[in-house]
Each structure stands twice: as structure tokens, then as C-alpha cells.
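All the letters of the sequence shown, read from the start, carry residue numbers 9 to 180 under our numbering.
Idealized CB from N, CA, C, for every residue including glycine.
It should be emphasised that the depicted structure is a prediction, and the values quoted were computed from it without experimental measurement.
Working notes for the structure below.
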Amino acid sequence: MSTPSAGPVYEPAVELRGGVQELKRAFNEHQDAPRLIVLAPPSCSRTLAAMTEFREEIARVSMRKPVTWFIIWQDDLPSDDAASAAKASADLGWDRTLYFHDGFGTAGRRLARGTVLSGYLARAFLYYPAGLAWTETPPEPAAWVHCMGRLTPDHAQPPERMAQAITSRWVE
9 MSTPSAGPVY
19 EPAVELRGGV
29 QELKRAFNEH
39 QDAPRLIVLA
49 PPSCSRTLAA
59 MTEFREEIAR
69 VSMRKPVTWF
79 IIWQDDLPSD
89 DAASAAKASA
99 DLGWDRTLYF
109 HDGFGTAGRR
119 LARGTVLSGY
129 LARAFLYYPA
139 GLAWTETPPE
149 PAAWVHCMGR
159 LTPDHAQPPE
169 RMAQAITSRW
179 VE
């Protein structure tokens, strides 16, 4: 796995294989920077477009430290799998970004903590300020939004508006 401070990342997503140990380790290795976790299906063009718009919006936000991104590809659509996750990672090729593929939904269940979406979290952006560590359970996000329909309407946003919604809740 390459480091987020390196240039563009053109490698396959790390397979979580039913556990979140690799994600937890990477999250804790980057406590010095704000972190943004994205849970998304790799083959949804609307979500990928929203992620790109989101990244551009985040770049405009005045931050003391650059954000480290964690993209977790979730199998949600029939065409989602490890190959589509690897392709989506290569297509994005963002710097300061670590890519993961979660074909078992484990990350979505673990990261739902603190979001009032009990059970499972998908198509969501979660913001964690620098300094938070993942101990037994993931920390609660300082800000988060999702595009999962009628669930928690105060945090629901269409993909096109997710960046604006989360930056309005930004904690630095």
C-alpha cells in the first residue's frame, strides 16, 4: 500500500476480507491529519462524479492540514466487485488517498457508530479531525452525510450537495 502523501495512487484497493484491521491500522497511522472516509459503490457513475466534486470543494476549504482520504469501495450494485474497485481506484488516482474494497460490508457496519444509521452505512462521507484514534470501536465522526434516501433526513443529501453539507459541519 502506498502512503497518502505520495503521488497518484494507481494500485488496487486493499481487500478488507471480512475484517477492518487494515483500515483501522491505516486510520491510526494518519492521526496527524484530518481524515475523510468515503463509503461508495465503485461502479456508480453518479457517486464517482459526486466524489470528484466533493474533493474539489474540500480543496477550497481553508484547512491547516491537507485531508487524508480513505475510499472504501462497497459491493452494492450487481457490477461491484474487487475488479471494479481496482478500476475505480486507478481511474481516480488521487494523492493522499488510500483505497479499500469491502466485499463483505464489514466497514459499513463498523463505521455506522455515531451516525444514527444503526446497522449499516453506505454512500456516505465521514469527517474525522486530526488526533482521533480508532480503539476498540471506530471514533464517532465529527461530521457526516449520506445519500441513502429517507434515512436521517438531517444528514441526507443528494450526491451533488454532499460536499457543501459536510463542509458546513467542518471541525478543524
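Contact check, residue i vs residue j, beta carbons under 8 angstroms
i           : j           : result
residue 111 : residue 128 : no
residue 76  : residue 43  : yes
residue 24  : residue 109 : yes
residue 106 : residue 51  : no
residue 94  : residue 21  : yes
residue 147 : residue 136 : yes
residue 81  : residue 96  : yes
residue 130 : residue 36  : no
Straight-line gap, residue i to residue j (C-alpha atoms, nearest Å)
i           : j           : result
residue 83  : residue 41  : 28 angstroms
residue 79  : residue 87  : 18 angstroms
residue 47  : residue 38  : 18 angstroms
residue 62  : residue 121 : 23 angstroms
residue 158 : residue 152 : Reliability fails at residue 158, whose pLDDT of 46 lies under 50, so the model's placement of it is uncertain and the value that follows must be treated cautiously. When rounded, the distance between both Cα atoms is 15 angstroms.
residue 143 : residue 32  : 8 angstroms
residue 91  : residue 59  : 19 angstroms
residue 28  : residue 138 : 20 angstroms
residue 16  : residue 102 : Here the model assigns residue 16 a pLDDT of 37, short of 50, so the residue's position is not dependable and the matter cannot be decided.
residue 53  : residue 30  : 27 angstroms
residue 8   : residue 132 : Only positions 9 to 180 of the chain appear in this structure, which leaves residue 8 out of reach.
residue 163 : residue 45  : Confidence at residue 163 is low in this model, with a pLDDT of 47, below 50, so its placement is unreliable and no value can be given for it.
residue 65  : residue 89  : 28 angstroms
residue 100 : residue 68  : 19 angstroms
Sheet register partners of residue i (DSSP bridge)
i          : result
residue 48 : 81
residue 60 : DSSP, once it has assigned bridges, lists no residue as partnering residue 60.
residue 8  : Since the first residue of the chain shown is 9 and the last is 180, residue 8 is not available in this structure.
residue 22 : 108
Presumed contact (8 angstroms Cβ cut-off) between residue i and residue j, rounded CB distance
i           : j           : result
residue 74  : residue 104 : 6 angstroms
residue 114 : residue 26  : 6 angstroms
Secondary structure, alpha helix (DSSP H): runs of 4+ residues fully inside the segment 97-154 | Fully enclosed alpha helix (DSSP H) runs of no fewer than 4 residues occupy 114-118 of the segment 97-154, in order along the chain.
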